[in-house]
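Going by this note's numbering, the first residue of the sequence shown is number 14, and it counts up by one from there. Ideal placement from N, C-alpha and C gives every residue a C-beta, glycine not left out.
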Amino acid sequence: MVSKMTNLLLTLHLNLLTLLSNLFSHLTSLFFSLLSLTHALLIVLGFTRPNQWEPPTFLDSLLYSPLLHLTTNLYQTLLFLRGHPFHPPPHHSRIRVVCLSDTHSLRPPSIPRGDLLIHAGDLSATGTFDDLQDQISWLSSLPFRHKVVVGGNHDCFLDRASSIHRTRGQKEKRKLDWKGVVWLQDELTTLEFEDREVGGKRKLNIFGSGWVRRCGGDDFAFQYDDERPPWEGRIPVETDVLVTHCPPKGHRDLLLGCPSLLAELWKVKPKLHVFGHVHHGEGVESVFFDECQAAYEGLVLRTAAVEMSMLKRWFDFQGLKYALSVLRYGLQSVLWKWIMAGPGSNNGGVLVNAGVMKGNTGRLRKGRGTVKVVDL
14 MVSKMTNLLL TLHLNLLTLL SNLFSHLTSL FFSLLSLTHA LLIVLGFTRP NQWEPPTFLD
74 SLLYSPLLHL TTNLYQTLLF LRGHPFHPPP HHSRIRVVCL SDTHSLRPPS IPRGDLLIHA
134 GDLSATGTFD DLQDQISWLS SLPFRHKVVV GGNHDCFLDR ASSIHRTRGQ KEKRKLDWKG
194 VVWLQDELTT LEFEDREVGG KRKLNIFGSG WVRRCGGDDF AFQYDDERPP WEGRIPVETD
254 VLVTHCPPKG HRDLLLGCPS LLAELWKVKP KLHVFGHVHH GEGVESVFFD ECQAAYEGLV
314 LRTAAVEMSM LKRWFDFQGL KYALSVLRYG LQSVLWKWIM AGPGSNNGGV LVNAGVMKGN
374 TGRLRKGRGT VKVVDL
């Protein structure tokens, strides 16, 4: 009798556990279904972005990390108050640099005048020989003393490792006519410009490379895995102007840039770094290579770490020290500039995301400021 009662209780216990397990499974499934539905609804209403290639909304930034969101706004405000990171050499002609990127086979209707034209990759939409040759011919026709380009992940024909060369047969044997346009891939070139103020020449050392973090299939060009970035020791220290397709981590976009490229940027400290790739990140940003910038980038890298879960990002008390350092060093720099009338180190630089596409619409942006201009 006792044995039967024990078996009965055991059976009831197992049935209850099975029931609870099934109930938990159904509730979990329901929760994630509701979560997916809510996410889809937020995307439709425009409160969140559908993917990382679209510009983050206010809600996206807040949900990702409230601390990073607030610190980023603080950092950008401090950069504005600090003013220009460097001044062109006095008593010499300025070199006007006009910056483009991500034209994707299109042509901006108005290109400002200048001395040097830089295109930071993704000239073409399809990556074919004909598409690239058309863009090169257009760039060659523009009235600049020098024109420099790097490839992008869509410029497949430029990369012999792209699968486009294995699938399109005879086309790979054709050679592009660069028509005076300088294409750089892991190369440094020195260009001369007339100094109209004092006579003689001014020189710029320009290093260019089209490498990007892997973001597509084998047909895409110049891709690398995060475990094997190509940047360490590759950029010469004498570089004045750096041109890459990939952005550095934490600048003009918080997620898609490369931390290894950022580390090399600190070693070289170019006066100008032109890049593209992330369409919604277009714009100009000052860098001072100081404690304020280091603290901000430290918070970005910490927040983006793989092991940082959403809960940790939301309650990142250790990250507060980075945010407070941004505030401390940033205010010191602003007070030195505006109250103490300090001259500044003049060792800073300018980062330019030169993308001209309107997000991922396939259309060019319009209006003033579409094409970026920097004086060196």
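Worksheet item: So, are the CB atoms of W224 and C169 less than 8 Å apart?
Response: no
Item to complete: Kindly indicate the opening and closing residues of the beta strand (DSSP E) around D128.
Response: In the DSSP annotation of this structure, D128 is not part of any beta strand (DSSP E), being labelled neither H nor E.
Worksheet item: What does DSSP give as the partner residues of N166 in its beta bridges?
Response: Partner(s): none; N166 has no beta bridge.
Worksheet item: Which residue spans inside the stretch 325-389 form an unbroken beta strand (DSSP E) run of at least 3?
Response: 362-366 and 385-388
Fill in: Rounded C-alpha distance that separates N218 from W349
32 Å
Practice prompt. Go ahead and pull the three-state DSSP assignment for L113.
Written response: strand
Worksheet item: Under 8 Å, do R315 and G294 count as touching if we go by C-beta distance?
Response: no
Worksheet entry | For H159 and L129, believed in contact at Cβ under 8 Å, the rounded distance | 5 Å
Worksheet entry | Where the alpha helix (DSSP H) containing V281 begins and where it ends | P272 to V281
Worksheet item: So which of L312, S106 and E245 has the shortest CA-CA distance to G212?
Response: S106
Worksheet item: What does a CB cutoff of less than 7 Å around D73 pick up in its chain, not counting 5 residues either side in sequence?
Response: When the five nearest sequence neighbours on each side are left out, the beta carbons in the same chain lying within less than 7 Å of the beta carbon of D73 are those of T61 and R62, in order along the chain.
Discussion item. Could you check whether P101 and D303 sit closer than 8 Å to each other, using their CB atoms as the reference points?
Written reply: No.
Worksheet item: What is the residue span of the beta strand (DSSP E) that R215 lies within?
Response: K214 to S222
Worksheet item: Is it true that the stretch 107-121 meets the stretch 281-295, where meeting means three or more beta-carbon pairs spaced less than 8 Å apart?
Response: yes
Worksheet item: Of all the options L119, P242 and N360, which has the alpha carbon lying nearest to the alpha carbon of V281?
Response: N360
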